[in-house]
Structures are given as C-alpha cells and as structure tokens.
Amino acid sequence: MIESFADPETEKIFKGIVSRKLPLIIQKTARRKLVYLDDADDLRDLLALPGNRLEALHGDREGQYSIRINDQY
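1 is the number of the first residue of the sequence shown in this note's numbering; add one for each residue after it.
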C-alpha cells in the first residue's frame, strides 16, 4: 500500500491527473504500476509480475526497492 509520495508529479499520475513533465504513454504505464504497488500486500505480490523488474536498492537506499516503468524510467 502506498502511504505517501515524495514527488508531487508521481502523486498526480497516481490520481489520474496528466503531468506535463512526462510523456503520456509513460504516465499510463506508471499509473498501472502505481496501482500494483498500492494493491500489493507484500513484496511477493510485486515479484509475481515479471515486467516490474523488482530490485533491491543499495547504499543509503538499503531496505528500499525499485520497479521499472520501461528501459529509460
């Protein structure tokens, strides 16, 4: 479940508000993946979808994970 957003543009995309900062096709994919994140009860829920490319972050981001929208984002 998403508890908060560090980036206001990400929150806009999640709420279905179009952002002028990203291409529309990226926003559609990002919104779908944000819904996956919000619906997930557990990290394993995200592993079930191979297109997410879930990976653990390192360094000062240890304990956090990322998923990919596409090859660029």
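Glycine included, each C-beta is placed from N, C-alpha and C at the ideal position.
What is the C-beta distance between residue i and residue j, in whole angstroms, given that I count them as a contact (C-beta under 8 Å)?
i	j	result
ARG31	GLY16	7 Å
LEU46	ILE13	Their Cβ separation, rounded to whole angstroms, is 18 Å, which puts LEU46 and ILE13 out of contact at 8 Å.
ILE67	ARG53	6 Å
ILE2	ASP41	With 8 Å as the limit, ILE2 and ASP41 do not qualify as a contact, their Cβ atoms being about 12 Å apart.
THR29	ILE69	5 Å
Could you spell out the range, first to last residue, of the alpha helix (DSSP H) harbouring residue i?
i	result
LEU37	24 to 39
GLU11	8 to 14
Looking only at its own chain, which residues have a Cβ that is under 7 Å from the Cβ of residue i, when we skip the five neighbours before and after it?
i	result
GLU55	TYR65 and SER66
Provide the residue(s) that pair with residue i in DSSP beta bridges, ordered along the chain.
i	result
TYR73	The partner list for TYR73 (beta bridge, DSSP) is empty, contrary to what the question assumes.
GLU55	SER66
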